[in-house]
Each structure stands twice: as structure tokens, then as C-alpha cells.
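Once you know that position 128 of the sequence shown is 723 in our numbering, the rest is easy, because the numbers rise by one and skip nothing.
Following: one structure in C-alpha cells, then a few remarks.
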Amino acid sequence: MRKIVTPQKNIVVIGGGIIGVSAAYYLSKQGRSVTLIEKGEISAGASAGNAGLIANGFAIPIAAPGVPKQGLKMMLDRSSPFYIKPRLNLDLIGWVWKFVRACNTKQMRASIPVLLALGQGSFDLLDELHETENVNFGYEKKGRLIAFTSDESFEVWKKDAALVQEYGVRTDLLDADGVKQVEPNLLSSVKHGIFCDSYAHVDPDRFTKEMRRLAESHGAEIITGTAVTGFETTRGEISSVNTSQGTFTAKQVILAAGAWSAELARKMKLSLPIQPAKGYSLTYKRPPISPNLPLSLAERKTAVTPMGDILRFTSTLELAGFDPTINQRRIETIRRSVREYLTGIDELDEHSEIEWFGYRPATPDDLPIIGRSEKIENLIFATGHGTLGITHALITGKLVSQITGSEEPALDLEPLRAERF
Ligand SMILES: Cc1cc2nc3c(=O)[nH]c(=O)nc-3n(C[C@H](O)[C@H](O)[C@H](O)COP(=O)(O)OP(=O)(O)OC[C@H]3O[C@@H](n4cnc5c(N)ncnc54)[C@H](O)[C@@H]3O)c2cc1C
């Protein structure tokens, strides 16, 4: 095996998704020497085909009161957008137990301002990025409309809107005419809407690849096709990172391997409660009649995102482990669901359809894990971003650069500690 000694490259980032490349960008911009190691290609994980929302409005964690009861019902329904494959897996059982414990009002209310602070931090950095770098990844700030075909689900969401309003998030409740004004390309089956302007969207694959380009332009070394296989430790610190291509010396290591972070942590005898939460998307060439802004189809739990010349539908959250099969029943459900809300769907070019899935790195309390390990001094976690990794990428990268540089982090990291579980 080739032994690679990189004394000058003293920070190793593991994972080339949006979190890893964002960390590499902010570290290299600070003048730090960085090597990012990715087992496949950049953006090969969850960061490519997702909904691309920078979502800073309904900052209510999935772990909320009432969810376990609802989840239990859905768990038994294989076509439901939320699904837990029942199986005897100790990690999954432990994760579900922690999730159920987190589903209470106190914890939910404690998480909302944390999520909003992370989201606002990323919005500020997105503006800064556009001022300081020459970037283009389809960033558009148009807000998001939640579309409702039933009175019942509108009533439920009205409560959520009132809840986030307590934390300063503006939402507009719309009747059918109001909905038509905001988004004319919806069917008359849509009776209500909630518009929230604190949403933006990007093309997430372009975002990830642009962040890689920027990191490289500031001197980061990006190595693809190289899997991290283990770690060597000396006096309780990681001294080197073993890979399929040899050994890399490391002064500090950033674990940003998304849904795979738990298995890498295990190699360091650490336990991270992260489960792969699989989601699907369908992407088409954008038809002549299509939505102008991102939509959420409330009853069908499906997101619709127009991204330049493409139109993407995303849905489902499946806790079924790392299962690379594409469940055609779910794909068909997405195709059917959008027809209940959108006009112009008959114009979709079926030949341009791309089916995709990705594993969200899900934590039990729906907050990411960001910060220095309390057990291994030179290990920094940047993982567990669940449904919001695109949203929280830039602030995570910035925080990582502050932690590794022993600067005061821009946000309180206490709620994001790995050891909180
Ligand atoms: C359907 C769907 C819709 C979504 N919509 C949104 C949205 O609208 N807004 C939003 O904010 N978020 C959204 N998300 C969530 C978002 O996609 C994730 O939170 C985010 O992509 C996680 O980024 P990451 O860098 O942590 O992980 P990933 O992008 O998965 O990257 C991890 C990388 O680590 C690499 N890796 C793993 N093991 C090793 C190893 N041993 N050695 C080297 N490399 C390794 C993998 O190959 C991978 O490239 C969505 C997700 C899905 C699935």
C-alpha cells in the first residue's frame, strides 16, 4: 500500500458532500492546509438530487409531540411518505428510542431557535459568498408556498405557522384566490396556501460542485475515489487516516461523511446515532408551464422545486438502512401526487426523467452534530444534518473553520454536541 505523508496538509476532511466541501472552503479560505477525501465522486451522496431548499421558516424539528403516534400508523403503510422498515437492528432500535424521547414540547421548543439561528447564519453567508466570490448555482430567493387541497391539513399547518410566528417567522395564510396570485400554475383543487418568504432555493448539485471549485481555488486538495478505512491513534488523538489509497497524516480530522458517519465513528470506538433516511426525487426538463417558485404539496408530503431549466419533485423519508433499490411504488406515488396539484404536468418530457435517491443523515432530535469530540481531541464532527444539510452547509463550514482555528464559534454549540444523546 502506498504511504502518503502529507505533513503540510494538516486538516483532513472526510466526505465530499455539501458539508465536507463547505468545510474545506472555509478552512482553505483561512489559509489552512486541507485535504478532503471522498470515496466516490464529489456530490455522490445526498447532496445532488435533493429539493435544494434553503429552508428557514418552518423550523420545527421532525421530533415533535404527536409524531410517534402518527409515525406508528405510517410505519405499517409501505406506500406512506414516512416509513420505518420493521427490523431487529440494535442501532435502529436505539435511534427510535432516542427519537421518541425527543418528541416533547420542551425539546421541540428548544430546537426551533437553534434551527433558525443555523438557517439565518447560512443565509448571511450565502449573501457574503455572492459578494466575495464569482459563483452561480442557481440561488433564488422567492420564498415557498405550501399548497393544500384539504381543510384538515390546512388547520394542522395553521398551528405550525402560529408556532413559528412566535419565533419571528412571517407566514401569510392564503385562500384559493390568494394562492392563484402567488402561483398561477396550480389546479383549482388547491383551496388554501401558506406562503413563507424566508425560503430560497439552489440547484444542490451545482452548489456542491461550486463549493468544491472554490475550495480548490483557495488551495484545498480534493481527492476522490478514495475511501477512508480506519484511523490510527496516538495518546488519544488521531495521528493518521487510513484509506484505500494509503495513509494520510492528520493534525485535525473533520468527520463529514453524511449518513456513513456512524460507521466511521465506530472505527474510532465512538457511537453516533445517525440513521440513513432515504428520500427519492424525480427530475425533468422543465415544461413550458411549470411553477415559478418552490412548492410543498402538503397532503402528499412532496416538494416541487423549479431549478433553472429543470423541475424536481422530491418525497419520502424511509428508515430502511442502506438499501440501494429504487422502490417503484414510491416513484409512482410521487408521479401521481403532483398531478393532484399542478397544471402543465402532461407536458413533462418523460424521456428526460431522472430517478434518484439519497440517504439523509438523520439524528434522533433532528439537530446536526457540530463540534469537537469530547473523547478524541483532534476530531471535529460536521454531520447529522438530516433534512437540512443544504440549508445549514455554509454555517457548518464556517463553524468548523472557527473550531479548528480555536476561534470563538459564531453560534452556541452546546445543543449540537455529539455527546448530548
Ligand atoms: C429527497 C431529499 C430531499 C432533500 N431536500 C433538502 C432540501 O430541500 N434542503 C436541505 O437543506 N436539505 C435537503 N435534503 C437533505 C440534504 O440532502 C442532506 O442533509 C445533505 O446532502 C447532507 O450532506 P452531507 O455532506 O452531510 O452528506 P452527503 O452528501 O451524503 O455526503 C457524504 C459523503 O461522504 C462520502 N463518504 C462516506 N463514507 C466515506 C468513506 N469511508 N470515505 C470517504 N468518503 C466517504 C460519501 O460518498 C458522500 O459523498 C434532502 C435530502 C433528500 C434525500
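Built from N, CA and C at the ideal position, the CB exists for glycine as well.
As the structure is a computational prediction, the values presented were derived from the model and not from experiment.
Ranked by Cα distance from Gln625, the options Pro1004, Arg1015, Gln997 are led by Gln997. Take the alpha-carbon of Ser793 and the one of Ala756: they are about 13 angstroms apart. In this structure, Asn645 and Ile985 form a Cβ contact; the two beta carbons are roughly 6 angstroms apart against a cut-off of 8 angstroms.
Nearest to Asp918 by alpha-carbon distance, out of Gly874, Ile741, Asp961, is Gly874. In the three-state reduction of the DSSP assignment, Met863 falls in the coil class. Secondary structure in the region 850–930: the beta strand (DSSP E) runs of 3 residues or longer, each lying completely within the stretch, are 870–880, 890–892, 897–902, 905–914 in chain order.
The criterion of a C-beta distance shorter than 8 angstroms is satisfied by Gly981 and Ala957. Secondary structure in the region 924–1000: the alpha helix (DSSP H) runs of 4 residues or longer, each lying completely within the stretch, are 988–999 in chain order. Proximity of the beta carbon of Gly841 to ligand 1 is not indicated: no heavy atom of the ligand is located closer than 7 angstroms. A distance criterion of 7 angstroms places the beta-carbon of Trp855 in contact range of ligand 1, judged by its closest non-hydrogen atom.
In terms of Cα proximity to Gln840, the closest of Gly820, Ile905, Glu858, Arg830 is Gly820. With a threshold of 7 angstroms, the Cβ atom of Gly714 does not count as near ligand 1, since no heavy atom of the ligand is closer than that.
Separation of Ser748 and Asp770 (C-alpha to C-alpha, rounded to the nearest whole angstrom) is 14 angstroms. By the Cβ neighbour-count rule, His946 is exposed, with fewer than 16 other Cβ atoms within 10 Å of its own. Judged by DSSP secondary structure, Ile637 falls outside any alpha helix (DSSP H); it is assigned neither H nor E.
Gly825 carries a strand assignment under DSSP once its states are collapsed to helix, strand and coil. At a cut-off of 3 residues, the continuous stretches assigned as beta strand (DSSP E) that sit fully inside the region 767–815 are 767–770, 787–791, 794–796.
Per DSSP, reduced to three states, the secondary structure at Ala650 is strand.
Residue side-chain check: Thr897 keeps its Cβ at 7 angstroms or more from all non-hydrogen atoms of ligand 1.
Ile613 has its Cβ nearer than 7 angstroms to a heavy atom of ligand 1. His987 and Gly611 do not touch by the CB rule: their CB atoms are close to 17 angstroms apart, not below 8 angstroms.
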